[in-house]
Structure formats: C-alpha cells, structure tokens
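Number of protein chains: 2
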Amino acid sequence: MGTRIGIGRVLAGQEGTLAVLKLEPLDRPEGMTTHEYAHRRLRQAIMVGSIRPGESLTIRGIAEAMESSPTPVREALRRLSSEGALKVLDNRRIMVPKMTAERFGELIALRSTLEQHAARRAVGHITEKQIDRLVAIDKAQDEAIAQKDNATALLLNQEFHRTLYTANPDQIIMPMVESVWLQLGPFLGIAMAHVAQLYFVDRHQEAIAALRKRDEDAVASAINADICEGIGGFERAAIENLLRLAGQ
Amino acid sequence: MGTRIGIGRVLAGQEGTLAVLKLEPLDRPEGMTTHEYAHRRLRQAIMVGSIRPGESLTIRGIAEAMESSPTPVREALRRLSSEGALKVLDNRRIMVPKMTAERFGELIALRSTLEQHAARRAVGHITEKQIDRLVAIDKAQDEAIAQKDNATALLLNQEFHRTLYTANPDQIIMPMVESVWLQLGPFLGIAMAHVAQLYFVDRHQEAIAALRKRDEDAVASAINADICEGIGGFERAAIENLLRLAGQ
DNA sequence: ATTTTCAAAATGTGATCACAAAAATCAATA
DNA sequence: TATTGATTTTTGTGATCACATTTTGAAAAT
C-alpha cells in the first residue's frame with residue numbers, strides 16, 4: 001500500500017506532497033477557472049517529479065489542499081489521466097504510474113521520434129528572430145546549470161524545445177510532446193532524489209547552427225542527441241538501480 | 249455562428265447529431281461509470297465523423313440526450329479536449345476543431361511518423377499467432393470493403409493497426425495514435441458526405457509479409473504507404489475543395 | 001431594411017448532498 | 001501473535017442547485 005494524499009494526513013503534515021501543492025500555489029490569472037487551476041498545479045507537480053509513483057491521490061484531499069471542492073478537482077484529474085500523467089486503477093484510485101526500465105526505454109525512444117518530427121516540421125517555418133530567441137533561452141539555461149539550479153534549467157530546457165516546435169504555426173504535436181515530458185517527470189523526481197547533481201547535456205548550439213542553415217537532417221540529429229545523451233543517457237543498469245532504490 | 253447540440257433543438261429533432269447519440273447507445277457494461285460511458289459515446293461519434301466541425305456541444309444538451317446530468321458529461325468533455333478531439337473556445341464553448349488543409353497535412357504526417365514508430369517497436373515482440381490474427385482481421389476488412397460497408401471497414405482497419413502496435417507489451421504510444429485518429433475523424437465525416445464511396449488502400453498484406461520476416465524497415469515502409477496512400481492520399485486541391493464544400 | 005437596446009432564456013461553473021463501494025480501525029477469535 | 005469479522009470512516013460518483021456570464025430574440029430606434 002502506498003501512502004495517500006488525503007485531508008487528515010495532509011493537514012497533519014505527514015506527507016511531503018502537500019508541501020508541493022502549498023509551496024507552489026502558482027499565480028492564478030484572473031478568469032482562470034478552478035478546474036484549470038487545479039490542472040495546472042497538479043501538472044506542474046507531476047512534471048518536476050514532486051509526486052512519487054505509487055502515491056495515490058484523493059479528490060477530497062486535493063480539493064481541501066487547494067481550498068476548493070471535489071467537482072473541479074475531478075475534472076483536473078480526468079484530464080491528467082487522459083494526458084498519461086495519471087492512471088486510474090480498477091478500484092478507481094488514481095495514482096502516478098509506476099516506472100519500469102522498459103517503460104522508461106519506450107518513453108525515451110518515443111520522445112526522440114516525436115521531437116525529431118516536431119523539429120523537422122518547424123525548420124521550414126522558423127524565423128531568424130525566433131532562432132535568436134532560442135539562443136537567449138539556451139544562454140539562460142547555461143547560467144542556471146552553472147548555478148546548479150536544476151529546476152530553472154529544466155524549465156528553460158523545456159522552453160527551448162517548445163519554442164522550436166511551436167515555430168510551426170500548424171503544429172499539432174505539442175500536446176503529445178508534453179505528455180511524454182509529463183510521463184518522464186516521476187523518473188526525474190527519483191533521479192534528483194538519489195543523484196547529487198543532474199548532469200545536463202546541451203546539444204542546443206548544434207541545433208541552432210543547423211537551423212540557421214535550414215538543414216533538416218542536422219536539426220533532427222541534434223535533437224536526437226540532446227534527448228538520448230541527456231535524460232535518455234542513463235544506462236540500463238543505472239536505471240534499474242535507481243528504481244530499486246526508490247522502491248519501485 | 250455554428251449550430252448547437254442543445255436540449256430544445258435536440259428534442260425538436262432539428263439536429264442530426266442527437267441521432268448519433270441516440271442511434272448508437274453502445275452497450276454499457278455493468279460497472280462502467282456514467283462519465284466513462286459518455287466519453288465512449290462521444291468519442292465514437294467524433295471518431296467516425298458524425299459530429300461536424302464548428303458544431304458546438306452543450307453540456308446540458310448532451311446530458312439530456314443520454315439521460316444523465318451535467319457533472320459526468322463535463323468530465324467526458326474535459327477528457328476529449330485533452331485528447332485533442334474537442335477544443336475549448338474563449339467563451340468556454342466546446343466544439344469539434346475546424347479542419348484546414350494545413351492541419352490535415354500535419355495530421356497525416358504525424359500519423360505516419362507515430363505509427364511507423366509504433367510498428368517498429370512491435371516487430372521484436374509480435375508472435376506468429378498474433379500475426380495470424382492480423383491476417384484474419386485483414387480478411388474481414390476486405391469483405392467489408394467488398395460489401396461497401398464503410399463503417400465496418402474503418403473499424404477493422406483500426407483494429408488491424410491497434411493489434412499490431414499493442415503487440416509490444418510496454419507500448420505507450422497507443423493513446424497518441426488514437427488521438428490522431430480522433431482528430432482525423434471529422435475529415436472522414438466530411439469526405440463520406442461528399443464522396444460516393446471511400447476508396448480503401450490496403451498495404452496490410454505487405455506489412456504482414458514483412459512482419460513474418462521480422463524486417464523492421466519493410467514493416468515501417470508498408471505502414472507508411474498504407475497511411476499516405478490511404479486517407480493521406482487526398483490531393484491538396486481535393487482537400488481544399490472538400491473543405492470548401494463542407495463550409496469549413 | 002438595418003442597427004441598437006434590453007429582457008428572457010440558456011449555458012458553464014463550482015459547491016453541496018446523498019448514496020454505494022472501498023478502506024481502515026478495532027475487537028474477538030484461533 | 002496472527003487472523004478473522006464487524007463497525008466506522010473515507011472515498012468516488014453523480015444529481016441538484018445557485019450564481020455569473022453569455023446568448024438569444026424581440027422591440028424600438030435609426
């Protein structure tokens with residue numbers, strides 16, 4: 001039995017998870033609906049690996065934690081399960097899916113395929129101005145890495161990739177890319193808990209140079225390397241070790 | 249302003265859409281929750297192109313049509329919007345996304361990439377028995393085509409692809425493949441409304457032969473051809489013509 | 001004939017409640 | 001001590017209601 005994120009325990013402070021929900025209330029733009037807000041907060045927490053796989057979420061618990069009611073929280077949970085971030089068990093409990101070495105391998109392979117495709121489809125549309133923006137994001141990320149600020153570096157890395165792919169005005173792949181990021185989130189959390197410092201690989205300059213030359217193959221190759229040598233670079237044995245340590 | 253699927257109109261029988269919801273009540277397995285059932289029915293309707301793009305759905309209208317209440321219907325709609333099947337407008341209206349020639353092109357390209365990947369990842373796992381099942385499904389599809397039974401042929405075609413991809417026990421891509429199918433659904437509806445007979449391309453035998461030889465590249469090639477010469481085979485001019493006819 | 005104004009109807013949203021199923025707690029038993 | 005069984009609590013689910021916003025439809029004005 002995993003732990004629960006429920007009212008009592010949460011209020012008693014026995015769980016570390018509420019901390020996530022409480023600590024990062026995210027600013028809520030005016031006009032944003034409650035279910036949207038709940039969706040964003042939970043999504044954020046999962047994306048950065050703050051919710052451990054196997055931990056089951058309770059609707060009432062979350063509702064209480066973010067001072068709302070079951071209805072909008074349920075909608076948020078349904079969306080997240082459709083996005084692959086959460087899994088609904090037979091007993092209707094909802095939890096973050098457990099990670100396995102096989103699943104991890106599938107996720108990395110899929111991420112590479114998806115993002116190479118997205119990058120190729122953007123090459124023909126991206127402007128010099130947008131490429132300059134990529135340079136700026138990459139620079140900011142380097143600074144975050146130098147300061148060992150994992151969270152910021154991670155966010156900037158995502159922004160780099162998102163900016164590239166959305167250069168295609170008809171792009172429809174971003175939700176799927178984000179779904180893979182979401183599904184990799186829990187592993188990130190595990191890795192960060194057991195590894196002193198995340199080691200970042202940065203093939204962004206390579207991608208930028210290829211973009212300037214409009215070389216589709218080279219762009220795809222850089223993106224592939226960025227993914228496979230980055231988070232995908234964990235060796236199988238290391239992954240299994242990590243997952244065992246984390247009690248998966 | 250598009251038409252609405254609302255209580256009054258639905259009951260007045262002015263809309264063709266309720267027919268879809270009423271005609272195919274789908275059997276509801278015991279224990280299936282209401283929101284799950286609503287999700288399945290709407291999904292089915294969208295997948296086969298029964299709901300026209302631009303038509304906006306109302307929560308109460310659907311709830312009334314399937315004799316339930318707003319709560320579970322809203323959950324179903326949220327899921328479908330996360331799956332890319334529906335779009336939430338700024339005024340919070342929900343509708344089937346409009347199709348454009350550009351979006352159609354993106355969908356076909358993505359479908360090809362996704363399914364080639366899925367097929368490749370299945371080659372190493374699929375058993376001879378499963379390949380035999382593919383043969384049976386393909387045969388049934390041929391019969392449906394011969395009888396000009398579009399709906400059945402479509403369903404069997406999906407089953408063929410699904411059976412192939414799910415041969416990989418760690419497969420995680422199916423939800424994304426289905427998302428693309430869903431997003432192509434409305435175009436299918438348009439095409440079927442304006443074309444006398446859907447013309448089916450069948451590269452399945454080619455795929456089966458390649459699977460028997462465990463030839464990954466050949467499998468991917470067959471899948472690519474199946475998609476690009478099938479639904480993807482519409483010429484740009486034909487697509488734009490169709491969309492104009494449909495008032496997109 | 002077209003546009004503007006305004007009251008009525010419809011709609012999305014979220015809180016609350018009741019019910020059934022599942023989980024947890026605790027006492028009794030082996 | 002470990003296990004079973006019954007009671008209590010927690011939880012998911014869906015219907016209903018109230019509120020604010022949007023849309024609609026008709027009347028009035030241009």
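Residue numbers (the numbering used here), protein chains in the order written: chain A, 1 to 248; chain B, 249 to 496. Note that the Cβ used here is the ideal one computed from N, Cα and C, for glycine as well.
message = Among V321(B), T306(B) and A313(B), whose alpha-carbon lies nearest the alpha-carbon of T281(B)?
response = Closest by C-alpha distance to T281(B), out of V321(B), T306(B) and A313(B), is V321(B).
request  = Select from A140(A), E83(A), A144(A) and E64(A) the residue whose C-alpha is nearest the C-alpha of Y199(A).
outcome  = Nearest C-alpha to Y199(A): A144(A).
task = Consider the Cβ of P507(B): report whether some Cβ of chain A lies at a distance smaller than 8 Å.
result = The requested residue 507(B) does not occur in the structure, where chain B is confined to residues 249 to 496.
inquiry  = Bridge partners for K87(A) per DSSP, in chain order?
reply    = According to DSSP, which records beta bridges pairwise, K87(A) is partnered with M95(A).
Own chain partners of A458(B) with C-beta closer than 7 Å, once the 5 adjacent residues on each side are dropped = Excluding residues up to 5 positions away in sequence, A466, V467 and A470 lie with their Cβ nearer than 7 Å to the Cβ of A458(B) in the same chain.
query = DSSP three-state call for V296(B): helix, strand or coil?
reply = Secondary structure at V296(B): coil, using DSSP grouped into helix, strand and coil.
request  = Tell me whether L337(B) is buried or exposed, calling it buried when 16 or more other Cβ atoms sit within 10 Å of its Cβ.
outcome  = Its Cβ having fewer than 16 others within 10 Å, L337(B) is exposed.
message = Just to confirm before moving on: does the CB-CB distance between R300(B) and V344(B) stay below 8 Å?
response = Cβ distance < 8 Å, so R300(B) and V344(B) count as in contact.
inquiry  = With a threshold of 8 Å between beta carbons, is L243(A) in contact with chain B?
reply    = For L243(A), the nearest beta carbon of chain B is not closer than 8 Å to its own beta carbon.
ask   = Between which two residues does the alpha helix (DSSP H) carrying E391(B) extend?
value = Unbroken alpha helix (DSSP H) run through E391(B): E376 to A394.
key: Per-residue contacts from P423(B) into chain A (C-beta, under 7 Å)   = G84, listed in chain order.
Best match in L432(B), R340(B), L358(B) and T400(B) for proximity to G31(A) [C-alpha to C-alpha] = When only C-alpha atoms are compared, the closest one is R340(B).
key: Through-space distance from L110(A) to Q141(A), alpha-carbon basis   = Their backbone Cα atoms lie some 24 Å apart in a straight line.
query = A473(B) CB to nearest chain A CB: under 8 Å?
reply = Not an interface residue.
inquiry  = Helix, strand or coil for T34(A)? Go by DSSP, reduced to three states.
reply    = When secondary structure is reduced to three states using DSSP, T34(A) falls in the helix class.
inquiry  = I want to see whether chain B comes within less than 8 Å of D217(A), judged by CB atoms only; does it?
reply    = Against chain B, the CB of D217(A) has no partner CB under 8 Å away; the residue lies outside that interface.
message = So with CB distances below 7 Å, who are the chain B contacts of E102(A)?
response = Neighbours of E102(A) in chain B, taken as residues whose beta carbon is under 7 Å from its own, are D418 in chain order.
key: Cβ shell of M174(A) (< 8 Å), same chain only, five flanking positions each side left out   = For M174(A), where only same-chain residues beyond five positions count, the Cβ hits under 8 Å are A118, R162, Y165 and T166.
ask   = What's the C-alpha gap between T361(B) and A63(A)?
value = In this structure, the CA atom of T361(B) is about 40 Å from the CA atom of A63(A).
CA nearest to the CA of V123(A), picked from V48(A), N224(A) and N168(A) = Considering only alpha carbons, the answer is N168(A).
request  = Please decide whether R369(B) counts as near chain A, where near means a Cβ-Cβ distance under 8 Å.
outcome  = Judged by the 8 Å Cβ criterion, R369(B) is in contact with chain A.
request  = For A38(A), decide whether its Cβ has a neighbour in chain B, counting only Cβ atoms nearer than 8 Å.
outcome  = For A38(A), the answer is no, since every Cβ of chain B falls outside 8 Å of its Cβ.
key: Interface partners of E75(A) on chain B, CB under 7 Å   = By Cβ distance, chain B contributes R322, E323 and R326.
ask   = Mind checking if L305(B) is an interface residue toward chain A, Cβ cutoff 8 Å exclusive?
value = Not a single C-beta of chain A is nearer than 8 Å to the C-beta of L305(B).
message = With a threshold of 8 Å between beta-carbons, can H373(B) be considered close to chain A, or not?
response = By this cut-off, H373(B) is not an interface position.
inquiry  = Quick check: is the beta carbon of T34(A) nearer than 8 Å to any beta carbon in chain B?
reply    = Among the CB atoms of chain B, none fall inside 8 Å of the CB of T34(A).
task = Could you tell me which chain A residues have their CB closer than 7 Å to the CB of E363(B), listed as they occur along the chain?
result = Chain A residues near E363(B): none, gap ~11 Å exceeds 7 Å.
query = Between the C-alpha atoms of R9(A) and T58(A), what's the straight-line distance to the nearest angstrom?
reply = Low confidence applies to R9(A): its pLDDT is 28, below 50, so where it sits in the model is not reliable, and the reading given next is rough at best. Per the coordinates, the alpha-carbon of R9(A) lies some 11 Å from the alpha-carbon of T58(A).
message = Does the CB of T414(B) have a neighbour CB from chain A at under 8 Å?
response = Answer no: the Cβ-Cβ gap between T414(B) and chain A never drops below 8 Å.
message = Using a Cβ-Cβ cutoff of 9 Å, what residues of the segment 431–462 of chain B are near chain A? List them in chain order.
response = Answer in chain order: Q431.
key: Residue-chain proximity (T319(B), chain A), Cβ-Cβ < 8 Å   = Between T319(B) and chain A, the shortest Cβ-Cβ separation is below 8 Å.
ask   = Going along chain B, which residues have a C-beta under 8 Å from L154(A)?
value = Close partners of L154(A) in chain B (Cβ separation under 8 Å) are lacking, with about 21 Å as the shortest Cβ gap.
ask   = I239(A) and A101(A): beta carbons closer than 8 Å?
value = Yes. Within cutoff.
ask   = Do we get a CB-CB distance below 8 Å when we pair T290(B) with the residues of chain A?
value = The residue asked about is misnamed: residue 290(B) is Leu in this sequence, not Thr. Taking a beta-carbon distance threshold of 8 Å, L290(B) does not count as an interface residue toward chain A.
ask   = Under a three-way DSSP split, which group does D226(A) fall into?
value = DSSP places D226(A) within a helical segment (H, G or I) once states are collapsed to three.
query = Cβ of I420(B) within 8 Å of Cβ of E178(A)?
reply = The Cβ atoms of I420(B) and E178(A) do not sit closer than 8 Å to each other.
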